[in-house]
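Protein chains in written order, with this note's numbering: chain D, 15 to 477; chain S, 15 to 477.
All residues carry an ideal CB built from backbone N, CA and C; glycine is no exception.
Quick caveat: nothing in here was measured; it's all calculated off a predicted structure.
Down below is the structure, laid out as structure tokens.
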């Protein structure tokens with residue numbers, strides 16, 4: 015799998031960010047808000063796990079475009095897919111796919127994307143972003159909930175008239191429950207379930223939907239078994255209390271397998287098993303948001319496979335490493351009872367699905383999920399050793415046996431990240447004090463050494 | 015501009031839809047909801063204004079993927095762009111563009127997409143769909159509104175804490191006003207402003223936002239001048255009444271230049287001039303939704319250019335014919351006061367922007383907007399003549415001097431559309447009884463003859 019031309023190590027030539035980044039950022043800021051630009055990248059010079067900026071600095075990239083590059087920059091298999099006649103056609107002849115699908119559409123889905131379907135999920139709705147996927151999943155949950163209530167009764171005139179006025183009963187007061195510190199996106203539906211930071215939510219009207227506490231586990235896990243189990247029970251009780259007491263029915267629950275933007279917060283398989291049981295008992299749709307956790311990084315194709323659930327998840331949303339987006343679902347009742355209820359002009363992008371299918375090919379044929387599981391074990395062990403040496407710099411190390419989806423708390427994450435970038439490692443943070451590793455699925459044991467060396471240098475520097 | 019290999023006329027070989035469409039539709043329905051599929055298309059055989067289905071039937075396409083194909087199937091200029099090294103790189107190395115833009119990003123926007131910026135609009139936020147563009151525009155309006163109120167005061171702890179709970183004042187109760195019969199998309203924000211049909215809105219929770227009546231003009235316009243002017247005054251008074259009496263502040267107004275899904279409803283330039291004046295007087299953001307009307311079909315690049323406004327529109331949203339999406343804006347205060355408030359992982363798709371830039375090249379270099387204005391005059395005149403012959407089939411003909419953005423009412427539009435397709439014309443409807451023409455910008459005078467011949471045959475058949 016290795017990229018033969020991948021650099022052996024990072025190399026930094028200028029201040030970080032360098033003068034060329036500064037110059038382009040200034041120009042960009044005239045037409046778009048460029049305050050968030052960290053580095054301007056020459057993607058044509060970037061390769062595999064390494065990213066090269068316009069100042070000629072090359073970084074080992076374990077952030078990977080906010081966890082969204084799956085199999086490396088300029089991966090040869092993706093280059094081939096991006097030059098295929100199929101993608102050219104998809105780019106220039108973009109259909110209103112719900113009405114006029116192409117002759118390739120069936121194969122792109124049935125023989126393509128459906129290979130990624132989570133266990134028990136037989137159906138799919140394509141989208142273009144994680145936020146859109148979650149919004150669509152919420153709509154499916156609401157329509158499904160009302161269908162249970164309505165049975166075979168037709169829509170009344172009154173329902174239809176009130177829906178047009180944004181009033182109940184046509185536009186009913188129904189809720190999606192999410193968890194404190196979760197991130198599910200920034201559109202109006204998904205943002206009403208996002209609970210990680212004020213910067214996302216301030217000044218934006220939101221639906222009056224509830225949040226439950228997500229377990230705050232203590233580390234190391236083996237030293238806090240009973241305490242953590244009690245914490246999870248407490249959170250599940252909160253879910254039950256909200257369902258029975260909220261001012262309107264809860265039609266769906268959305269949860270991340272690992273709360274990522276919110277600080278890489280984990281919970282046990284038992285927690286999620288019980289959460290599913292609660293949704294089943296109440297006739298509520300369980301939506302597992304695998305936008306960041308999906309596509310292999312946790313050492314399973316889908317992170318929720320770690321839970322060994324007794325029955326399939328209702329809805330699984332995806333984006334990021336898929337390089338396309340949408341939701342898979344298992345329950346036929348989540349397909350709306352009428353045509354055109356879940357519909358839009360483009361419903362995804364066949365060009366992006368072609369890229370996704372090439373990614374799935376690579377993941378399956380090169381066993382990248384299994385390899386990531388193995389590399390993750392080594393990486394975790396090395397970090398645990400480092401944590402023993404720098405206990406004040408690496409705290410609450412988490413992600414054991416979760417592939418390379420590893421994180422730890424550190425006192426001043428922004429200073430560490432800056433230092434790491436000066437040392438040639440592009441790395442991200444989350445929550446308030448967490449460093450999250452999000453390497454690609456082609457991160458190998460050979461990449462651990464430069465990463466760990468940089469941590470060691472940074473920690474000594476900061477000490 | 016003509017496609018040399020474009021068919022001279024439609025040709026229909028099977029029942030419509032044909033057996034191959036039926037077969038593929040059935041297979042598709044196993045993995046996705048395929049009830050909405052009308053025809054399965056062989057896009058590789060489609061060319062220019064003509065679309066060919068998998069049964070070998072070739073149609074003149076004046077629906078163009080719900081008004082979203084701008085310059086013809088397999089346009090050579092787009093094929094070239096779709097094979098360029100730039101697009102290959104954009105497809106395989108998709109950045110989190112707000113943090114790590116490519117070295118090409120500046121040119122793609124400043125020398126590319128910004129050429130399409132409406133008069134006075136100096137800035138841009140890219141997106142992936144019309145719904146997303148409108149949601150983002152609403153967020154910009156809400157943040158802008160609160161900024162006016164808050165001045166330079168920092169966010170309070172209480173605001174931040176309440177925002178995290180979806181409660182005021184952090185998550186304030188603010189509204190976007192839209193118009194009856196409008197369509198602005200299907201995500202939770204945009205759907206709360208969509209008011210065209212219950213099928214879009216039923217069972218979906220909505221924000222308690224208000225709607226005003228959109229003028230219902232009588233045709234022919236020259237016979238109802240005073241009546242129509244009064245109707246527009248009445249609607250504007252309704253807007254004023256809502257602004258002063260709604261249960262919460264109205265922070266923005268969204269309006270389509272021509273209500274498209276809602277039935278191709280027009281209003282006069284005076285109406286929109288006065289609407290803008292109202293928003294200015296109240297410090298409200300005016301959002302013009304040009305998702306369907308933008309990019310030339312009305313004989314201006316942007317439909318709102320017909321209004322000759324005294325000052326730029328605050329926000330203009332786009333998608334469809336742009337083959338990418340987003341919003342342009344004119345007021346610097348609509349850029350949020352802090353970084354990361356308007357942000358997401360992908361913020362558009364550079365690959366789709368490269369296609370859009372090739373579309374803009376073609377539109378500008380081949381003067382397609384001016385040509386569409388001219389062809390529209392001829393097309394409208396021919397339809398007016400036909401209306402005189404079939405006054406019960408073509409009613410309230412509208413879109414005079416609006417390019418090819420022409421529509422009329424007809425007693426049974428679905429039967430007419432079915433008949434037209436059997437005659438080799440792919441055409442769309444809107445509202446409850448309206449036939450809408452949405453030909454591409456490469457629709458020429460030579461295409462009028464087969465279209466009009468089919469109408470004539472269909473009308474005699476239906477008579």
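If you draw a straight line from the C-alpha of residue i to the C-alpha of residue j, how long is it?
i, j, result
"residue 229 of chain S", "residue 263 of chain S", "23 Å"
"residue 286 of chain S", "residue 23 of chain S", "40 Å"
"residue 7 of chain S", "residue 212 of chain S", "The question about residue 7 of chain S has no answer here: the residues shown for chain S are numbered 15 through 477."
"residue 302 of chain D", "residue 284 of chain S", "50 Å"
"residue 112 of chain D", "residue 118 of chain D", "13 Å"
"residue 367 of chain D", "residue 308 of chain D", "16 Å"
"residue 46 of chain S", "residue 142 of chain S", "21 Å"
"residue 190 of chain D", "residue 20 of chain S", "51 Å"
"residue 70 of chain D", "residue 196 of chain S", "51 Å"
"residue 478 of chain S", "residue 161 of chain S", "Absent from the structure is residue 478 of chain S, since the part of chain S shown begins at 15 and ends at 477."
"residue 294 of chain S", "residue 422 of chain D", "50 Å"
"residue 365 of chain S", "residue 102 of chain S", "8 Å"
"residue 297 of chain S", "residue 331 of chain S", "19 Å"
"residue 474 of chain S", "residue 408 of chain S", "13 Å"
"residue 446 of chain S", "residue 274 of chain S", "12 Å"
"residue 424 of chain D", "residue 96 of chain D", "40 Å"
"residue 225 of chain D", "residue 401 of chain S", "59 Å"
"residue 135 of chain S", "residue 342 of chain S", "6 Å"
"residue 187 of chain S", "residue 314 of chain S", "37 Å"
"residue 36 of chain S", "residue 346 of chain D", "22 Å"
Take residue i and list the residues in its own chain whose beta-carbon comes closer than 6 Å to its own, dropping the five residues that flank it on each side.
i, result
"residue 220 of chain S", "206"
"residue 374 of chain S", "129 and 130"
"residue 208 of chain D", "197, 198 and 214"
"residue 227 of chain S", "194, 249 and 252"
"residue 419 of chain S", "311, 312 and 413"
Would residue i pass as a contact of residue j if the rule is Cβ separation under 8 Å?
i, j, result
"residue 277 of chain D", "residue 399 of chain D", "no"
"residue 370 of chain S", "residue 105 of chain S", "no"
"residue 1 of chain S", "residue 291 of chain S", "Beyond the ends of chain S as shown, which are 15 and 477, falls residue 1 of chain S; an answer cannot be given."
"residue 48 of chain D", "residue 59 of chain D", "no"
"residue 453 of chain S", "residue 63 of chain S", "yes"
"residue 149 of chain S", "residue 98 of chain S", "no"
"residue 391 of chain D", "residue 383 of chain D", "no"
"residue 348 of chain S", "residue 158 of chain S", "yes"
"residue 122 of chain D", "residue 461 of chain D", "no"
"residue 34 of chain S", "residue 51 of chain S", "no"
"residue 441 of chain S", "residue 431 of chain S", "yes"
"residue 344 of chain S", "residue 326 of chain S", "yes"
"residue 222 of chain S", "residue 250 of chain S", "no"
"residue 79 of chain S", "residue 132 of chain D", "no"
"residue 168 of chain S", "residue 176 of chain S", "no"
"residue 372 of chain S", "residue 91 of chain S", "yes"
Looking at the structure shown, is residue i part of a helix, part of a strand, or coil, going by DSSP?
i, result
"residue 21 of chain S", "coil"
"residue 404 of chain S", "coil"
"residue 249 of chain D", "helix"
"residue 204 of chain S", "helix"
"residue 3 of chain S", "Residue numbering for chain S in the displayed model covers 15 to 477; residue 3 of chain S lies beyond these limits and cannot be assessed."
"residue 416 of chain S", "strand"
"residue 136 of chain S", "coil"
"residue 184 of chain S", "coil"
"residue 67 of chain S", "strand"
"residue 349 of chain D", "coil"
Suppose the cutoff is 8 Å on Cβ atoms and the five residues either side in sequence are ignored; what does the same chain contact list for residue i look like?
i, result
"residue 242 of chain D", "229, 231, 232, 235 and 282"
"residue 116 of chain S", "103, 104, 107, 109 and 364"
When every heavy atom of the ligand GDP is checked, does at least one fall within less than 7 Å of the C-beta of residue i?
i, result
"residue 326 of chain D", "As far as ligands go, the structure on display features none, and thus does not contain the ligand GDP."
Just to confirm my understanding: we take residue i, look at its own chain, exclude 5 residues before and 5 after, and list those with CB closer than 7 Å. What are they?
i, result
"residue 393 of chain D", "418, 420 and 462"
Positions along the region 112-124 of chain S whose CB lies within less than 9 Å of some CB in chain D: 112, 113, 114, 115, 116, 117, 118, 119, 120, 123 and 124
Listed in chain order, which residues of the region 343-364 of chain S have Cβ atoms closer than 9 Å to some Cβ of chain D? 349, 350, 352, 353, 354, 355, 356, 357, 358, 359, 360, 361 and 363
Against chain D: residues of the region 175-186 of chain S by CB proximity under 8 Å: 177, 178, 179, 180, 181, 184, 185 and 186
Residues in the region 37-52 of chain S with C-beta within 9 Å of chain D's C-beta atoms, listed in sequence order? 38, 39, 41, 42, 44, 45, 46, 47, 48, 49, 50, 51 and 52
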